[in-house]
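*Asks:*
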Amino acid sequence: MKRRDFLKAGTASLTGTVLGSVGLISWSPRSYAQTISVTLYITDGFITQPDGVNVYFKGFSSNQNTLNVPGEQIVVQEGDTVNITVVNTVNTTHQFAIDGLNVDPITIRGGRQRTLSFTANDPGSYLYLDPSKAPYDRLVGLHGGFASMPKNRDNMLYEGSPTFVQQYFWLFHDIDPVWHNAIRSGNRPNTRYIPRYFTLNGLSGRPPGAPDAHNPNVDALVDPRSALHGHIGDRTLIRVLNPGMCQQSVHTHANHMEWLTDNGQVRDDVWLKDCIYLEGNAGKIDAIFPFDPPPDAWPPVSTGTYPMHLHTEMSQTAGGGLYMFGALTDIHFE
Ligand SMILES: [Cu+2]
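Numbering-wise (the working numbering), the sequence shown opens with residue 571 and increments by one.
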């Protein structure tokens, strides 16, 4: 099925599968399994960074004429038959796999296409990626978010988990343009890894007054896939994935997060944390931002805007110095 047709079908009946361009992940539980078919196109090109530098990327894109980094979000339900077709439009061989799922990767030669089929099990959050020449093909942009919802549940990460009413993916990435250039030329990078750009769902922040501030196609602060919006009580699951190399400390203002999983393992106890450690090199966590009234405000408040940022200073910069052009977004109490 062509992506176009799939999208059409998606609005009509496949309410369970949501694509990256839509923003907030919406989900309706079903009592029956479905066949979910998604087509991803491996494409390449340049993405302009905040300091004006064009950096080479490859992506699992939604069609052959675009470049999506990360690739579109894929959400399925436990028991579904999942068919992921990968069309390789570039002339190098690539692979497709879902990190942490027991599914054999497929290999797609340049100009060919292959389909990975499996039954969704193991509810949770996963990074899909190109595992070949690890970590290089993943770093150059071939990655995206995959979620499997537990059967019959629209409000749990896993059976019996704390509940939520809405969910987002946060994919953090860090980018060394020297490495991307080497990969573009077909070489293995042979320099020390020096990340110069830091992104959330492929975008970096823009401080007020900067060019493209408040442009949702550019500014991570207002990107609907990233910025949290809720009213008091709108408990929000965040599926945090790290295709990059750098370890991070994910920090929310206003509320502490309920820390549910660490690298795919359900934690014994749910801790309330304002900073959660995210491992580098494909680490992942799941957490719920509870949208409780901010506890320390006096007089009490129920609306307002608060930041989420990473607690390494370099991650908040671009090009080795532009501050607040890094990986951050906003949390809106409405
Ligand atoms: Cu802070």
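Ideal placement from N, C-alpha and C gives every residue a C-beta, glycine not left out.
Per the DSSP calculation, residue 631 is bridged to which residue(s)?
*Replies:* If you number the sequence shown from 1, residue 631 lands on position 61. Residue 631 is bridged to 611.
*Asks:* State buried or exposed for residue 646, treating a residue as buried only when at least 16 other CB atoms are found within 10 Å of its CB.
*Replies:* As a position in the sequence shown, residue 646 is number 76, starting the count at 1. Buried.
*Asks:* Kindly identify the DSSP beta-bridge partner or partners of residue 809.
*Replies:* Here residue 809 refers to the residue found at position 239 of the sequence shown. 739 and 856.
*Asks:* Note down the Cα distance separating residue 623 from residue 825, rounded to an integer number of angstroms.
*Replies:* Here residue 623 is taken as the residue at index 53 of the sequence shown, counted from 1. Here residue 825 is taken as the residue at index 255 of the sequence shown, counted from 1. Straight-line spacing of the CA atoms in residue 623 and residue 825 works out to 36 Å.
*Asks:* Could you tell me if residue 602 is buried or exposed, where buried requires 16 or more neighbouring beta carbons within 10 angstroms of its beta carbon?
*Replies:* Stepping through the sequence shown from its first residue, residue 602 is reached at position 32. Residue 602 should be labelled exposed.
*Asks:* Go ahead and label residue 806 buried or exposed: buried means 16 or more other beta carbons lie within 10 angstroms of its beta carbon, across all protein chains shown.
*Replies:* Here residue 806 corresponds to residue number 236 of the sequence shown, with the count starting at 1. Label assigned to residue 806: buried.
*Asks:* Run through the region 672–757 for me and flag every whole alpha helix (DSSP H) of 4 or more residues, listed as ranges in chain order.
*Replies:* 706–709 and 747–754
*Asks:* Give me the DSSP bridge partner(s) of residue 616.
*Replies:* Counted from its first residue, the sequence shown places residue 616 at position 46. BP columns for residue 616 point to 626.
*Asks:* Hey, could you find the ends of the beta strand (DSSP E) residue 829 is sitting in?
*Replies:* Taking the first residue of the sequence shown as 1, we reach residue 829 at position 259. Where residue 829 is concerned, the enclosing beta strand (DSSP E) stretches over 827–832.
*Asks:* Would you say the beta carbon of residue 877 is closer than 7 Å to some non-hydrogen atom of ligand 1?
*Replies:* Reading the sequence shown from its first residue, position 307 is the one you call residue 877. It does: the Cβ of residue 877 is within 7 Å (strictly closer) of some heavy atom of ligand 1.
*Asks:* Residue 894 by DSSP, collapsed to three states: which one?
*Replies:* Within the sequence shown, the letter at position 324 stands for residue 894. Reduced to three states, the DSSP call for residue 894 is coil.
*Asks:* With the cut-off set at 8 Å, would you say residue 640 and residue 771 are in Cβ contact?
*Replies:* For the purposes of this step, residue 640 is identified with residue 70 of the sequence shown, where counting begins at 1. For the purposes of this step, residue 771 is identified with residue 201 of the sequence shown, where counting begins at 1. Yes. Within cutoff.
*Asks:* Short check: CB of residue 553 to CB of residue 743, under 8 Å?
*Replies:* No answer is possible for residue 553: it lies beyond the span of the chain, which begins at 571 and ends at 904.
*Asks:* Using C-beta distances below 7 Å, list every residue in its chain close to residue 822, excluding the 5 sequence neighbours before and after it, in chain order.
*Replies:* The residue given as residue 822 occupies position 252 in the sequence shown. Taking C-beta separations shorter than 7 Å and ignoring five residues to either side along the sequence, the partners of residue 822 in its chain run 844, 859, 878 and 901, following chain order.
*Asks:* Going straight from the alpha carbon of residue 762 to that of residue 692, what length do you get?
*Replies:* For this step, residue 762 is matched to residue 192 along the sequence shown. For this step, residue 692 is matched to residue 122 along the sequence shown. Spanning the two alpha carbons is a distance of roughly 37 Å.
*Asks:* Of the residues 679, 727, 652 and 660, which one's Cα is nearest the Cα of residue 668?
*Replies:* Position 98 of the sequence shown, counted from the start, is the residue given in the question as residue 668. Residue 668 has its Cα closest to that of 652, out of 679, 727, 652 and 660.
*Asks:* Leaving out five residues on either side along the sequence, give the residues of the same chain with a beta carbon under 6 Å from the beta carbon of residue 628.
*Replies:* The sequence position of residue 628 within the sequence shown is 58, counting from 1. If we look at residue 628 and ignore the five residues flanking it on each side, its Cβ neighbours are 614, 710, 711 and 712.
*Asks:* If we call anything under 8 Å between Cβ atoms a contact, is residue 882 one with residue 819?
*Replies:* Stepping through the sequence shown from its first residue, residue 882 is reached at position 312. Stepping through the sequence shown from its first residue, residue 819 is reached at position 249. Contact: yes.
*Asks:* Are there any heavy atoms of ligand 1 lying less than 7 Å away from the beta-carbon of residue 823, as far as the coordinates show?
*Replies:* Here residue 823 is taken as the residue at index 253 of the sequence shown, counted from 1. Because some heavy atom of ligand 1 lies under 7 Å away, the Cβ of residue 823 counts as near it: yes.
*Asks:* Alpha carbon to alpha carbon, how far is residue 706 from residue 752?
*Replies:* Within the sequence shown, the letter at position 136 stands for residue 706. Within the sequence shown, the letter at position 182 stands for residue 752. Going by the C-alpha atoms only, they are around 10 Å apart.
*Asks:* Could you compute how far the alpha carbon of residue 684 sits from the alpha carbon of residue 678?
*Replies:* Locating residue 684 in the sequence shown gives position 114, where the first residue counts as 1. Locating residue 678 in the sequence shown gives position 108, where the first residue counts as 1. The straight-line gap from Cα to Cα measures roughly 6 Å.
*Asks:* Taking the alpha-carbon positions, what's the residue 816 to residue 703 distance?
*Replies:* Taking the sequence shown and counting its residues from 1, the one referred to as residue 816 is at position 246. Taking the sequence shown and counting its residues from 1, the one referred to as residue 703 is at position 133. Going from the Cα of residue 816 to the Cα of residue 703 covers about 18 Å.
*Asks:* Would you identify the three-state DSSP class for residue 884, choosing helix, strand or coil?
*Replies:* Indexing the sequence shown from 1 puts residue 884 at position 314. Residue 884 falls in the helix class under three-state DSSP.
*Asks:* Going by CA-CA distance only, name the one from 888, 675, 686 and 630 that's closest to residue 659.
*Replies:* The count along the sequence shown starts at 1 and reaches residue 659 at position 89. If we check each option's Cα against that of residue 659, 630 comes out closest.
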